[in-house]
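Right, one structure below, let's go through it.
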Amino acid sequence: MQLIALRTLRLFWRKHPQAEKPLRFWHELVSASEWRGPADVKDMFGSAVDVLGNNRVVFDIAGNKYRLVARISYRFKCVQIKFVGTHREYDDIDAETIR
0 MQLIALRTLR
10 LFWRKHPQAE
20 KPLRFWHELV
30 SASEWRGPAD
40 VKDMFGSAVD
50 VLGNNRVVFD
60 IAGNKYRLVA
70 RISYRFKCVQ
80 IKFVGTHREY
90 DDIDAETIR
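The sequence shown lines up with residues 0 to 98 when you count with numbering that gives the first Met the number 0.
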């Protein structure tokens with residue numbers, strides 16, 4: 000999958016250095032994947048993922064310490080990061096509408 004907005008991850012781990020390793024690992028897994036649908040994402044991440052409407056997925060990162068919201072275009076094999084933040088920051092957003 001092609002990942003859009005890697006810069007978003009870099010900016011986040013500059014503020015939260017302990018997030019760098021788990022986010023890099025997530026990036027490696029996603030980049031090497033070829034998901035055809037939400038079931039493929041669930042198969043890879045299991046309970047550490049919530050599938051929402053509008054092709055959005057919420058990933059639990061580092062044992063749910065961080066949350067990452069992505070919009071996935073399965074047809075174009077593209078993952079666009081919409082949000083990355085602490086669990087507390089995630090509680091303040093609407094994952095289905097965040098831009």
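Even glycine gets a Cβ: it sits at the ideal position worked out from N, Cα and C.
Alpha-carbon spacing of residue i relative to residue j, whole angstroms
{"i": "Tyr89", "j": "Arg98", "result": "13 Å"}
{"i": "His15", "j": "Ala47", "result": "20 Å"}
{"i": "Trp12", "j": "Lys64", "result": "13 Å"}
{"i": "Tyr73", "j": "Gln17", "result": "30 Å"}
{"i": "Leu67", "j": "Asp39", "result": "17 Å"}
{"i": "Gly45", "j": "Met0", "result": "18 Å"}
{"i": "Gly36", "j": "Val56", "result": "11 Å"}
{"i": "Met43", "j": "Thr7", "result": "23 Å"}
{"i": "Ser30", "j": "Leu5", "result": "11 Å"}
{"i": "Gly62", "j": "Thr85", "result": "11 Å"}
Below-9 Å beta-carbon distance, residue i vs any chain B residue
{"i": "Asp59", "result": "Going by chain labels, chain B is absent from the structure shown, which holds only one protein chain."}
CB of residue i within 9 Å of CB of residue j, strictly
{"i": "Phe58", "j": "Trp25", "result": "yes"}
{"i": "Ala94", "j": "Ile80", "result": "no"}
{"i": "Pro21", "j": "Ile60", "result": "yes"}
{"i": "Ile3", "j": "Val83", "result": "no"}
Terminal residues of the alpha helix (DSSP H) in which residue i lies
{"i": "Asp39", "result": "37-44"}
{"i": "Lys14", "result": "5-14"}
{"i": "Arg70", "result": "Here Arg70 belongs to no alpha helix (DSSP H); instead the beta strand (DSSP E) covers 65-72."}
{"i": "Phe24", "result": "19-30"}
{"i": "Glu95", "result": "Segment: none, Glu95 is in no alpha helix (DSSP H) and carries neither H nor E."}
Exposure of residue i, with buried meaning 16 or more beta-carbon neighbours within 10 Å
{"i": "Leu28", "result": "exposed"}
{"i": "Gly52", "result": "exposed"}
Segment limits, beta strand (DSSP E) that includes residue i
{"i": "Arg55", "result": "55-60"}
{"i": "Gly84", "result": "77-85"}
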